Amino acid sequence: MRRSRIAAYVTSLLLALGFALTGAAAAQASPLAAATGYVALGDSYSAGVGAGSYISSSGDCSRSTKAYPYLWQAAHAPASFSFLACSGAVTTDVINNQLGTLSASTGLVSLTIGGNDAGFADVMTTCVLQSDSACLSRIATAKAYVDSTLPGRLDNVYSAISAKAPSAHVVVLGYPRFYQLGGTCLGLSQTKRSAINGAADYIDAAIAKRAADHGFTFGDVRSTFSGHEICSSDSWLHSLNWLNIGESYHPTAAGQSGGYLPVLTSAA
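Counted the way mature numbering (1 follows the signal peptide of the UniProt record, and there is no 0) counts, the sequence shown spans residues -29 to -1, 1 to 239.
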């Protein structure tokens, strides 16, 4: 998701306030997907923000060699590979900037998209810096957007993909829950953590519904991240990272390889 947005929100507020499967066995990938082209679209969760090893030529898109699309192509050697996911992307960015390499020969498309449209950065900034009630209010606003506006924006992306790559198998991956609940955990209150998890479930449900209506496969990563949320003993997600604000609340390299990659491999 948008590193610059998170950095801008948090930095400005801090200055103003003076502040704060493992598991699942992956099925063998489709021979068709490997024999044809693979195009990886989407936002920072697909680009690999938080995983390190960024490709210098990707600039502010911050694509990582440890991101699940790069790992999939390294393992399966598709006929061609186009890695276009970009940090900060919203649905219109995918349509305007990421569809150029799609064609009738594209066999596999993967993407994560929708979180930035729904205000991911502002939600997390509000919940980190403000009260429980402010956090819950901002999440309610995000959910209202998911109900009223996001489905149409997702439809536009999915229709554009189908038009340009009519033979492709499209895997739309969701977002993990951020927090392990219960027990002792420094940082956000249990109320905030629970509400943020609920918001992840809410947007995943909306994305899954739109994907299914377009005949796409929804890849649910919540099960693979189970036991590896923030506040667990082996988190695959960055919490608030003061040294690199943009990586906050993004998967680590382990989250990409253990959380996202098995889901794509099973679904491809």
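Ideal Cβ positions, reconstructed from N, Cα and C, are used throughout, including at glycine.
Just so we're clear, the structure is a prediction, and the values are computed from it rather than from any experiment.
Smallest Cα separation from residue i: which of the options?
{"i": "T7", "options": "G13, S76, S53, A45", "result": "S76"}
{"i": "S51", "options": "L73, C57, A225", "result": "L73"}
{"i": "A179", "options": "A166, I167, R193", "result": "R193"}
{"i": "D93", "options": "D175, L82, A111", "result": "A111"}
{"i": "H221", "options": "Y16, R109, I26", "result": "Y16"}
{"i": "Y129", "options": "D103, Y173, V65", "result": "V65"}
How would you call residue i, buried or exposed, if buried means at least 16 neighbouring beta carbons within 10 angstroms?
{"i": "G230", "result": "buried"}
{"i": "S219", "result": "buried"}
{"i": "P137", "result": "exposed"}
{"i": "G85", "result": "buried"}
{"i": "Q(-2)", "result": "Note that Q(-2) scores a pLDDT of 45, beneath 50, so its modelled location is shaky; the value from the coordinates is reported in the next line. Q(-2) should be labelled exposed."}
{"i": "K163", "result": "buried"}
{"i": "L157", "result": "exposed"}
{"i": "N87", "result": "buried"}
{"i": "L232", "result": "buried"}
{"i": "D14", "result": "buried"}
{"i": "D184", "result": "exposed"}
Write down the C-beta distance between residue i and residue j rounded to the nearest angstrom, noting that I regard them as a contact closer than 8 Å.
{"i": "T195", "j": "H209", "result": "Actually they do not touch by this definition, with Cβ atoms about 17 Å apart."}
{"i": "Y9", "j": "L55", "result": "Contact doesn't hold; Cβ gap of about 11 Å is too wide."}
{"i": "G169", "j": "H199", "result": "In fact, because the Cβ distance is near 19 Å, the residues do not count as touching under 8 Å."}
{"i": "T83", "j": "L144", "result": "5 Å"}
{"i": "C98", "j": "I167", "result": "6 Å"}
Since residue i sits in a beta bridge, which residues does DSSP pair it with?
{"i": "T188", "result": "V142"}
{"i": "L208", "result": "P222"}
Along the chain, where does the beta strand (DSSP E) that runs through residue i open and close?
{"i": "S81", "result": "77 to 82"}
{"i": "V10", "result": "8 to 11"}
{"i": "Y53", "result": "Reading the sequence as shown, one finds Ser at residue 53 and not Tyr. Note, S53: beta strand (DSSP E), 51 to 54."}
List the endpoints of the continuous alpha helix (DSSP H) containing residue i.
{"i": "S219", "result": "Looking at the DSSP string, S219 is not in any alpha helix (DSSP H), and its letter there is neither H nor E."}
{"i": "G123", "result": "121 to 135"}
{"i": "S35", "result": "Taken as a continuous stretch (DSSP letters only), S35 belongs to no alpha helix (DSSP H), as it is neither H nor E."}
{"i": "A238", "result": "232 to 238"}
{"i": "F91", "result": "91 to 100"}
{"i": "F196", "result": "193 to 196"}
{"i": "I66", "result": "62 to 68"}
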